[in-house]
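Going by my numbering, the letters in the sequence shown line up with residues 4 to 162, in that order.
Written out below as structure tokens is the structure these notes cover.
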Amino acid sequence: MKVERTRGFTLIELIITVVIVGLLASIALPLAELSVQRGKEQDLRRALREIREGIDAYKAACVERQIACPPDQSGYSPTLNALVEGVADAKSPDKKKIYFLRRIPRDPFSTETDAAPERTWGLRSYESPPDSPRPGRDVFDVYSLDQGVGLNGIAYKDW
Numbered sequence: 004m005k006v007e008r009t010r011g012f013t014l015i016e017l018i019i020t021v022v023i024v025g026l027l028a029s030i031a032l033p034l035a036e037l038s039v040q041r042g043k044e045q046d047l048r049r050a051l052r053e054i055r056e057g058i059d060a061y062k063a064a065c066v067e068r069q070i071a072c073p074p075d076q077s078g079y080s081p082t083l084n085a086l087v088e089g090v091a092d093a094k095s096p097d098k099k100k101i102y103f104l105r106r107i108p109r110d111p112f113s114t115e116t117d118a119a120p121e122r123t124w125g126l127r128s129y130e131s132p133p134d135s136p137r138p139g140r141d142v143f144d145v146y147s148l149d150q151g152v153g154l155n156g157i158a159y160k161d162w
């Protein structure tokens, strides 16, 4: 009488398989984190470009006298919300509003999930120096409040 043995995995084969899967997972996890950071950095670039274009459009409308600008002001928007809420068109007889942004994007690196999008950005007024930005009577520029450094080696606040 011949006894047949069922084939299965040995303990050594199972241990080697678990080690290989663990090694592959340890390689894939940093790549996934890098991909997430790269995505947030692209969102940050896009948001900064969008806000800065709105700020520049407001200034251009002021220079062209399309919107009313007091002579003692710099010509930049008094708040970020003014870019979204709109400003009365000085050249329009029915005073239609000119809008410079549809919405204020949120800083993708902000940890404050319940804060309004305009509160997630650092504001720099026209009167503040570039090396120590601070808010003032207008919004000349925005920057990220995150203290991290990008993949390019430049701090997010300096983008």
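From the three backbone atoms N, C-alpha and C, an ideal C-beta is built for every residue, glycine too.
Computed from a predicted structure; not experimentally measured.
- Listed in chain order, the non-local C-beta contacts of L148 below 6 Å within the same chain comprise G125, local neighbours out to five positions each way being set aside.
- Assigned with DSSP and collapsed to three states, G57 falls in helix.
- Shown here for A158: same chain residues with a beta carbon closer than 8 Å to its own, the five before and five after excluded, namely Q150, G151 and V152 in chain order.
- Counting only the Cα atoms, L37 lies some 36 Å from F12.
- Buried is the label assigned to I54, since at least 16 other Cβ atoms lie within 10 Å of its Cβ.
- Remark: fewer than three beta-carbon pairs, one from each stretch, lie closer than 8 Å, so the region 110-117 and the region 85-99 are not flagged as touching.
- Nearest neighbour of Q69 by Cα position, chosen from L14, D92 and R52, turns out to be D92.
- The distance from the Cβ of D141 to that of S80 is about 6 Å, consistent with a contact at the 8 Å cut-off.
- A residue is called buried when at least 16 other Cβ atoms come within 10 angstroms of its Cβ; A35 does not meet this threshold and is exposed.
- With fewer than 16 neighbouring CB atoms inside 10 Å of its own CB, K100 falls in the exposed class.
- Contact check for L47 against P111 passes: the beta carbons are separated by less than 7 Å.
- For L126, no alpha helix (DSSP H) encloses it; the enclosing beta strand (DSSP E) starts and ends at W124 to R127.
- In this structure, the beta-carbon distance from P133 to A50 does not fall below 7 Å.
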